[in-house]
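Undergrad:
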Amino acid sequence: MSDVDAVLARVLADLAPTAVDRVAVSRAVVEVDGRPLELHVTTRGRLLLRITETAFVVTGPDRAAAGGRPVQLRVGHTGMARRTGIRVAVENGGEPARRLAARLRGSGDLVAAMLPLDFTDFTVVEEDGRLLARIVLMGASMTRMRVPPTTTYVRLHDDQRDALLATVDALDACFGVA
Numbered sequence: 669m670s671d672v673d674a675v676l677a678r679v680l681a682d683l684a685p686t687a688v689d690r691v692a693v694s695r696a697v698v699e700v701d702g703r704p705l706e707l708h709v710t711t712r713g714r715l716l717l718r719i720t721e722t723a724f725v726v727t728g729p730d731r732a733a734a735g736g737r738p739v740q741l742r743v744g745h746t747g748m749a750r751r752t753g754i755r756v757a758v759e760n761g762g763e764p765a766r767r768l769a770a771r772l773r774g775s776g777d778l779v780a781a782m783l784p785l786d787f788t789d790f791t792v793v794e795e796d797g798r799l800l801a802r803i804v805l806m807g808a809s810m811t812r813m814r815v816p817p818t819t820t821y822v823r824l825h826d827d828q829r830d831a832l833l834a835t836v837d838a839l840d841a842c843f844g845v846a
């Protein structure tokens with residue numbers, strides 16, 4: 669069993685989805701508590717370490733008619749010792765991206781949902797005319813060391829699962845008016 673298969677199987681066990689459609693070797697579309705999510709599992713290696721992680725992708729509305737530069741936002745937590753809110757940096761997209769960033773920052777539901785979420789990467793991009801939020805969590809990942817030979821899976825705990833699903837709901841609400 670490959671690392672991608674192993675991580676995908678464990679993530680599916682952690683999520684307990686009601687429907688699963690494996691659309692590619694490293695991708696699956698799932699429905700969890702009525703919410704659609706796409707899972708993208710990737711592996712990156714360094715000399716003696718290989719990390720396999722899962723990106724949770726939320727698809728937003730079609731923006732093909734919006735025109736202009738594609739939207740690209742980077743989302744993170746604010747606060748040093750404690751998380752106090754979120755920051756949304758516009759990397760591309762001009763005025764539509766700035767409006768979307770302001771809507772995300774101003775969404776109390778999104779802020780509340782994201783505060784407990786332990787993520788390593790959170791981006792909102794436009795791909796093929798659609799908004800996509802891509803969230804990579806610290807959980808739902810596996811590290812494999814060659815020396816000494818060890819494998820560790822970081823489980824997607826229930827609190828992270830709940831925060832992820834609340835974030836999906838909040839993103840859907842924000843994207844719905846994009």
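Following this note's numbering, the residues of the sequence shown are numbered contiguously, the last one being 846. Cβ atoms here follow ideal geometry from the backbone N, Cα and C, with glycine treated the same way.
(1) Rounded to a whole number of angstroms, what is the C-alpha to C-alpha distance between residue 783 and residue 753?
(2) Does DSSP classify residue 810 as helix, strand or coil?
(3) Determine, using beta carbons only, whether residue 808 and residue 701 come nearer to each other than 9 Å.
(4) What would DSSP say about residue 686, mapped onto helix, strand or coil?
(5) For residue 711 and residue 747, I'd like the C-alpha separation in whole angstroms.
(6) On the DSSP bridge assignment, give the partners of residue 848 in chain order.
(7) Could you check if residue 720 is buried or exposed, using at least 16 other CB atoms within 10 Å of its CB as the buried criterion?
(8) Thinking residue 775 and residue 838 are a contact (beta carbons under 8 Å), I'd like their distance in whole angstroms, please.
(9) Grab me the residues of residue 679's own chain with a C-beta within less than 7 Å of its C-beta, minus the 5 sequence neighbours each way, in chain order.
(10) For residue 792, which beta-bridge partners are listed by DSSP?
(11) By how many angstroms is the C-alpha of residue 718 removed from the C-alpha of residue 684?
(12) With three or more C-beta pairs closer than 8 Å as the rule, is the region 760–780 touching the region 683–698?
(13) For residue 835, does the count of other Cβ atoms within 10 angstroms reach 16, so buried, or fall short, so exposed?
(14) Looking at the strands, I want to know which residues DSSP matches up with residue 696.
(15) Would you give the residue range spanned by the alpha helix (DSSP H) that residue 767 belongs to?
(16) Keeping to the same chain, check which residues put their C-beta closer than 7 Å to that of residue 820; ignore five residues upstream and five downstream.
TA: The answer reads as follows:
(1) In the sequence shown, counting from the first residue as 1, residue 783 sits at position 115. In the sequence shown, counting from the first residue as 1, residue 753 sits at position 85. Near 7 Å, if we compare the C-alpha coordinates of residue 753 and residue 783.
(2) Reading the sequence shown from its first residue, position 142 is the one you call residue 810. Strand.
(3) By one-based count along the sequence shown, residue 808 stands at place 140. By one-based count along the sequence shown, residue 701 stands at place 33. No. Outside cutoff.
(4) Your numbering for residue 686 matches position 18 in the sequence shown. Coil at residue 686, not helix or strand.
(5) Along the sequence shown, read from residue 1 onward, the residue named residue 711 stands at position 43. Along the sequence shown, read from residue 1 onward, the residue named residue 747 stands at position 79. Each residue's Cα considered, the two are about 30 Å apart.
(6) Residue numbering for the chain in the displayed model covers 669 to 846; residue 848 lies beyond these limits and cannot be assessed.
(7) Locating residue 720 in the sequence shown gives position 52, counting from the first residue. Residue 720 comes out buried.
(8) Within the sequence shown, residue 775 is the residue found at index 107, counting from 1. Within the sequence shown, residue 838 is the residue found at index 170, counting from 1. With 8 Å as the limit, residue 775 and residue 838 qualify as a contact, their Cβ atoms being about 6 Å apart.
(9) As a first step, residue 679 is located in the sequence shown; it is residue number 11 there, counting from the start. 707, 722, 808, 824, listed in sequence order.
(10) Residue mapping note: residue 792 aligns to position 124 of the sequence shown, counting from 1. According to DSSP, which records beta bridges pairwise, residue 792 is partnered with 741, 801.
(11) By one-based count along the sequence shown, residue 684 stands at place 16. By one-based count along the sequence shown, residue 718 stands at place 50. Between residue 684 and residue 718, the C-alpha separation is close to 26 Å.
(12) no
(13) What you label residue 835 is simply residue 167 of the sequence shown in a count that begins at 1. With 16 or more Cβ atoms within 10 Å of its Cβ, residue 835 is classed as buried.
(14) Indexing the sequence shown from 1 puts residue 696 at position 28. 690, 707.
(15) Mapped onto the sequence shown, residue 767 falls at position 99. Looking at the DSSP string, the run of the alpha helix (DSSP H) that includes residue 767 is 762–774.
(16) Taking the sequence shown and counting its residues from 1, one reaches residue 820 at position 152. 810, 811.
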